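Have a look at the structure below, then the notes.
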C-alpha cells in the first residue's frame, strides 16, 4: 500500500456517476440544438458521384484475388490471433504487477500516442497495442495480395492506410485518455466547444467539413507574414512581379527571378523574417524578383499551360530587363514552377535564347513515371470526373486541392486537428506555415486538365517531343543551362528519386542536392535554425540510391551551398537597385494585391482588407 501511495496510479478517476450522467445529458441536449440549427441552414440535396475517387473497383479486384488463396488468408488470421493472445498474456502480466515488453509499438515520432497514459495505464496500453496490431495486419494482408497491377495495388494500400488512420483510438473520445481526462476536468465543456468548432467548420465549408488548422486572425499579409519590403513593378492577367528592396549597398549584377508554384501562394518563401528565403537571398546581395500568381476565377478558365509560360516567366524576364537594364538572369522554379521552368529552358535552348544563365529547381518533377502517392488520384475515371466539375465552374476549387495534399499526411494534417479542435475543444495555434497551407488557390480548368493529363497521366514531358509548347516540341535533353536541383528526402509530393530522373536528361552542368525533411520544411530551412542536413555528390549515376550511397552528408541548411553555386554565376557587384527606379515604376507595395485574393467557399472573390 505504501508503494502505491508513493507512485500514484495513472488510472483515470471518473467523477460521481450521477453528476457525470447529468453532464452528458446536458451535452446531448445542447448538441441536439446545435445540430438542428445547423441542419436547418443546409441544402441536403445529394449531388455527385457515389465513388468519385474510383476506390470500389480497386478493392473489388483486391478482394477477388485475395479469396482465390484462402489458405494464405487463414494463415494471416492465425498470425493475428497469435499476436492477440500474446498481447493478452502480456497485459494480464502487467495487471498482476509484472513487467512485459510490448507486442506492438508506435513508430518513432507518432504523436497520436504521446500522452503518458497510453503506456502507463494498462487498459489504454492494451487499446493502443491492439490497434497497432490490427493496423499492421490489415496493411500487410492487402500488400501481400498477388496479381494486382501497380496502380491498383498503390490505390488499395493508400486507402487502406486512410481507413487505418481514421480508426485510431486517439480519434475517439472514449478511447483517448487525454480527451477523457479533459472531459472530466471541464465537465464536458470541451465536447460542447468541440461540437461548436465542428459545426462552424461545416458552415464555412458550405456543408462540407473544412477543418480549421490555424487561427486565421493571427496573421495579416504584409504586416506579420510576407513582410519583406518591395514593390510590385509589373502585372498582367496571371501574375504580379515583385522586386524586393535591397539590404546591401552592392548587389550582384545578374538579377534572380523566383517562379513559385501556382498551386500555392508565393509567400511560403517569405513567411516571417526568421525563415524567409527571400530576405536571406536579398541579404546575400541578390536583386530578387518574385512572381506572385493570380488566384484565378471563372474568367480565366481557358488560360492554358502555354499562357502561364508566356505571361509568367517570359513576361517577367522582359519586365526585369526594363527594370534593371539586365537582359540575363538566374532563375528559381519551385515544384510546378520548376516544371514550367524546365519546359521553358528547352524552348529557349532550341531557339538560341540564352538569357537564363543558371536555373535552380526546387522539388521539381519532370518524369512522372513514379509520382508517389499523388498518382493514386490520377486515372481516367477520376480525371474525367474532375474535368466535368472544372468545366462547370471554370476552375478547380482550392479547398479540393488542399484536401488531396492533406490526405498524404492524414495523421498530421487531418486527425491531429480533429482531436485538438473537436474532441479537446481547443482553438488551433497561430502557426505561419499552417496559415499559408490553409490559404489555398484555384486552378484554371484548361491549364490543370493539360497538366494532369499530359504530365501525370501520360508522362509526356519526359518523352522528347511528347509535348509541344509555343510551337516547339519539348525535349529536356536540349537543356545546356547550368542547373542546381534541390530535392527533399521525405517528400510526399515530389519523391526525390523521381525528381532525380532529370539529371539523366540534362546536357549541361548539373548539381543535385538532397535535403532532409519534406517538400516544405526541407526547402524552408534557414541556416540560423540549425536543423536537418543535406547531401551532395559530384557524380550523378543513373541510380538515385547509388547517388545517395556515395554522397557526402553536411549538417545544417543547404542555403549557403546554393548561394555559393549561384553566386559564381551572378556576375560582378554593382550599386544596389531600388524598386521603381528603372523604366518600370512601382504599382503598389509588396506583397501586392494578387496574393490577397482568397479562394475559400464563403469569400471566393474577396480581397483581404
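In my numbering, the protein residues as written are 1073 to 1681.
Beta carbons are placed, not taken as given, at the ideal position from N, Cα and C, and that holds for glycine.
Since the model is a prediction, treat every value here as computed from it, not as a measurement.
### Query
When the Cβ atoms of the region 1423-1439 are set against those of the region 1351-1370, are three or more pairs found closer than 8 Å?
no
### Message
For residue 1334, report the span of its beta strand (DSSP E) as first-last.
### Response
First-last for residue 1334: undefined, no H or E at that position.
### Query
Could you give the distance in angstroms between the alpha-carbon of residue 1443 and the alpha-carbon of residue 1570?
7 Å
### Task
Report the three-state DSSP secondary structure of residue 1434 (helix, strand or coil).
strand
### Task
Helix, strand or coil for residue 1661, going by three-state DSSP, please let me know.
In the structure shown, the three-state DSSP call for residue 1661 is strand.
### Message
So the candidates are 1542, 1164, 1543, 1547; which of them puts its Cα closest to the Cα of residue 1534?
### Response
1547
### Message
What residue range does the alpha helix (DSSP H) around residue 1555 cover?
### Response
DSSP places residue 1555 outside any alpha helix (DSSP H); the residue lies instead in the beta strand (DSSP E), whose first and last residues are 1555-1560.
### Query
So residue 1508 is in the alpha helix (DSSP H); what residue range does that whole segment cover?
1504-1510
### Message
Mapping the DSSP letters down to three states, classify residue 1604 as helix, strand or coil.
### Response
Residue 1604: coil per DSSP, three-state reduction.
### Message
Helix, strand or coil for residue 1671? Go by DSSP, reduced to three states.
### Response
In the three-state reduction of the DSSP assignment, residue 1671 falls in the coil class, being assigned neither a helical nor a strand state.
### Task
Leaving out five residues on either side along the sequence, give the residues of the same chain with a beta carbon under 7 Å from the beta carbon of residue 1337.
1508, 1511, 1513, 1667
### Task
In the DSSP assignment, find the unbroken beta strand (DSSP E) run with residue 1404 in it and report its ends.
For residue 1404, the uninterrupted beta strand (DSSP E) segment begins and ends at 1401-1406.
### Inter-stretch contact (C-beta, 8 Å, three-pair minimum) for the region 1495-1509 and the region 1536-1555
no
### Query
Comparing the C-beta of residue 1248 with each C-beta of chain D, is any distance below 8 Å?
Judged by its chain identifiers, the structure shown contains no chain D, having just a single protein chain.
### Task
Report the three-state DSSP secondary structure of residue 1642 (helix, strand or coil).
coil
#### Entry: residue 1182 versus residue 1481 - alpha carbon distance
12 Å
### Query
Quick one: what does DSSP say residue 1416 is sitting in, helix, strand or coil?
helix
### Query
What distance in whole Å lies between the Cβ atoms of residue 1293 and residue 1663, which are believed to be in contact at a cut-off of 8 Å?
5 Å
### Message
Measuring only the C-alpha atoms, how far is residue 1287 from residue 1248?
### Response
25 Å
### Message
Quick check: what's the CA-CA separation for residue 1577 versus residue 1517?
### Response
30 Å
### Message
Which residues does DSSP list as the beta-bridge partners of residue 1360?
### Response
Residue 1360 is bridged to 1328.
### Task
Please confirm whether residue 1220 and residue 1140 have their CB atoms less than 8 Å apart.
The Cβ atoms of residue 1220 and residue 1140 do not sit closer than 8 Å to each other.
### Host beta strand (DSSP E) of residue 1624 (start-end)
1624-1627
### Local conformation of residue 1470 per DSSP, three classes
helix
### Message
On a Cα-Cα basis, can you pick out the residue from 1582, 1584, 1227, 1554 that is closest to residue 1134?
### Response
1227
### Message
In the DSSP assignment, the alpha helix (DSSP H) including residue 1395 goes from what residue to what residue?
### Response
1387-1396
### Query
If you follow the alpha helix (DSSP H) that residue 1156 is part of, which residue opens it and which one closes it?
1142-1167
### Message
Is it buried or exposed, residue 1289, if we count other Cβ atoms within 10 angstroms and call 16 or more buried?
### Response
Its Cβ having fewer than 16 others within 10 Å, residue 1289 is exposed.
### Message
For residue 1503 and residue 1479, I'd like the C-alpha separation in whole angstroms.
### Response
20 Å
### Query
Quick one, are the C-beta atoms of residue 1297 and residue 1252 less than 8 Å apart?
no
### Query
Under the three-state reduction of DSSP, which class applies to residue 1340: helix, strand or coil?
helix
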